[in-house]
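Chains as they are written, first to last, in the working numbering: chain A, 127 to 279; chain B, 127 to 279.
Number of protein chains: 2
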Amino acid sequence: MGDEVQIFEDYLRKHSLHLTAPRETVLHAVFGTHEHFTADDLIAHLQRAGTPVSKATVYRTLSLLSECSLLIEHDFGQGKKYYEHASELQHHGHLYCSDCGRISEFYDPRLNALQDKIARQEGFEPVQFAVKIYGRCADCAAKRVRRDAGAIG
Amino acid sequence: MGDEVQIFEDYLRKHSLHLTAPRETVLHAVFGTHEHFTADDLIAHLQRAGTPVSKATVYRTLSLLSECSLLIEHDFGQGKKYYEHASELQHHGHLYCSDCGRISEFYDPRLNALQDKIARQEGFEPVQFAVKIYGRCADCAAKRVRRDAGAIG
DNA sequence: ACTGAGACTGAGACTGAGTCTCAGTCTGGC
DNA sequence: GCCAGACTGAGACTCAGTCTCAGTCTCAGT
Numbered sequence: 127m128g129d130e131v132q133i134f135e136d137y138l139r140k141h142s143l144h145l146t147a148p149r150e151t152v153l154h155a156v157f158g159t160h161e162h163f164t165a166d167d168l169i170a171h172l173q174r175a176g177t178p179v180s181k182a183t184v185y186r187t188l189s190l191l192s193e194c195s196l197l198i199e200h201d202f203g204q205g206k207k208y209y210e211h212a213s214e215l216q217h218h219g220h221l222y223c224s225d226c227g228r229i230s231e232f233y234d235p236r237l238n239a240l241q242d243k244i245a246r247q248e249g250f251e252p253v254q255f256a257v258k259i260y261g262r263c264a265d266c267a268a269k270r271v272r273r274d275a276g277a278i279g
Numbered sequence: 127m128g129d130e131v132q133i134f135e136d137y138l139r140k141h142s143l144h145l146t147a148p149r150e151t152v153l154h155a156v157f158g159t160h161e162h163f164t165a166d167d168l169i170a171h172l173q174r175a176g177t178p179v180s181k182a183t184v185y186r187t188l189s190l191l192s193e194c195s196l197l198i199e200h201d202f203g204q205g206k207k208y209y210e211h212a213s214e215l216q217h218h219g220h221l222y223c224s225d226c227g228r229i230s231e232f233y234d235p236r237l238n239a240l241q242d243k244i245a246r247q248e249g250f251e252p253v254q255f256a257v258k259i260y261g262r263c264a265d266c267a268a269k270r271v272r273r274d275a276g277a278i279g
């Protein structure tokens, strides 16, 4: 936090836009967490925090933050976008637990190198990689084993 | 085609469901193409072909086909689902051109092995892998180079 | 063939994430 | 202070996808 404000301000200035109070509120809320969040989460959080910002403004600000590469959008096929800080580990992948919805991350440079190589082999100019592994997290896998054992016994 | 009908019929029978005319119409349309398609594409196609099937039924049938693993759903962050045949190359990745929207595929067993290994290292039980590389296809990259050259010269 | 339980259908209402519009407000260079 | 143009919130709108419901069809049992 701090760097982000700077980057955002620079970006806004370059495009003749202003760092207004609602934008600052959103910026602080966004960079005050390290979780993946949705626009709706953020709107609810701001509401609860007593600093409500309208839906339209939240979406507009998230869009600006994505444009200046401070945020990255992710889609896990839920019909809504998840956001995360772009500054975290670069080009990491996601593990999405279909049972509890938990999202965790992993980073493996070999995976990135391999993807880059494959893309270029196909004449493709890669900009962003998105590796999503769907399945069950350790907790849910364990729960399922216990439940299945119970069902049998 | 043929195998798919068999698999679908077996699945339906096992669940006390019927292979009705609208379902058959959808099945034929779905397996009559090898492209990635959206529900909307399919509805429009059936309309044009003079064999319209209602939106609700199309969605219901696509959902059944996904359940019995004949189709796989994909999300490229467009706010709509793309479908493809599950029988095609297994666990392949997608190259999505952000300029023209074209979707192409690649298959690399090393990528799958690596993903499986990474997931299990994290205690995660993988069910499905989704590798999406966003960027520019060869055509669009070339177009862009020409356009940029033109802008400078 | 007839019957009844329950599966199926289409039309259209509904949902929910995200976008757009618009009137009123704010910002900052002059 | 003025003004162009950026910004805001409220709520209308869009659009993919889901749900509802009344009417229809299917098929096992007779």
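Where a beta carbon is used, it is the ideal one built from N, C-alpha and C, also for glycine.
(Q) For the pair the stretch 221-230 of chain A and the stretch 217-227 of chain B, tell me if three or more CB-CB distances fall below 8 Å. (A) no
**Q.** Residues from the stretch 239-254 of chain B in contact with chain A, defined by Cβ distance under 7 Å
**A.** LEU240, GLN241, ILE244, ALA245, GLU248, GLY249, PHE250, GLU251, PRO252, VAL253 and GLN254
(Q) Is there a Cβ of chain A sitting closer than 8 Å to that of B/GLU199, yes or no? (A) yes
Q. Secondary structure at B/ALA264, three-state DSSP: helix, strand or coil?
A. helix
Q. Can you find a CB in chain A that lies within less than 8 Å of the CB of B/LEU196?
A. no
Q) Using a Cβ cut-off of 8 Å, which residues of the stretch 227-239 of chain A contact any Cβ in chain B, in chain order? A) SER230, PHE232, ASP234, ARG236 and LEU237
Q. Quick one: what's got a C-beta closer than 8 Å to B/GLY279's C-beta in the same chain, skipping five residues either side?
A. Confidence at B/GLY279 is low in this model, with a pLDDT of 41, below 50, so the placement of that residue should be treated as unreliable; the coordinate-derived value is given next. Closer than 8 Å at the Cβ level, and outside the excluded window around B/GLY279, lies no residue.
Q. Within this structure, are the beta carbons of A/LYS207 and A/HIS200 separated by less than 8 Å?
A. yes
(Q) Would you say A/VAL184 lies against chain B (beta-carbon separation less than 8 Å)? (A) no
Q.
Assuming the contact rule is C-beta atoms closer than 8 Å, A/TYR209 and A/PHE250 should be a hit. Round their C-beta distance to whole Å, please.
A. Their Cβ separation, rounded to whole angstroms, is 26 Å, which puts A/TYR209 and A/PHE250 out of contact at 8 Å.
Q.
Using CA atoms only, rank isn't needed, just tell me which of B/PHE255, B/GLN173 and B/LEU153 is closest to B/ASP129.
A. B/LEU153
(Q) In the DSSP output, what is A/LEU257 paired with across the bridge? (A) It should be pointed out that residue 257 of chain A corresponds to Val in this sequence rather than to Leu. B/VAL257, per the DSSP bridge assignment.
Q) Which residues of chain A have a Cβ atom closer than 7 Å to the Cβ of B/GLY176, listed in chain order? A) Residues of chain A passing the Cβ test: none, with the nearest at roughly 32 Å.
Q.
Rounded to whole angstroms, what is the Cα-Cα separation between A/TYR260 and B/ILE229?
A. 21 Å
Q) What is the rounded straight-line gap between the Cα of A/CYS266 and the Cα of A/ARG273? A) 10 Å
Q: Measure from the C-beta of B/LYS258 to each C-beta in chain A and report whether the shortest distance is under 8 Å.
A: yes
Q) Which class does B/HIS154 belong to by DSSP, given the choice of helix, strand or coil? A) helix
Q) Under three-state DSSP, which class holds A/TYR233? A) coil
Q) At a Cβ threshold of 8 Å, is B/ARG272 touching chain A? A) no
Q: For B/ALA155, count neighbouring Cβ atoms within 10 angstroms of its own Cβ and tell me buried if that reaches 16, exposed if not.
A: buried
Q) Does the Cβ of A/PRO252 have 16 or more other Cβ atoms within 10 Å, making it buried, or fewer, making it exposed? A) buried
Q | N- and C-terminal bounds of the beta strand (DSSP E) containing A/ASP201 | A | 197-201
Q.
Quick test of your reading: B/VAL179 and B/THR151, contact by CB under 8 Å. State the CB separation rounded to the nearest angstrom.
A. 6 Å
Q: State buried or exposed for A/THR146, treating a residue as buried only when at least 16 other CB atoms are found within 10 Å of its CB.
A: exposed
Q: For chain B, find out if any of its Cβ atoms is closer than 8 Å to the Cβ of A/GLY261; answer yes or no.
A: yes
Q: Tell me, please, which residues DSSP counts as bridged to A/HIS211.
A: A/LEU197
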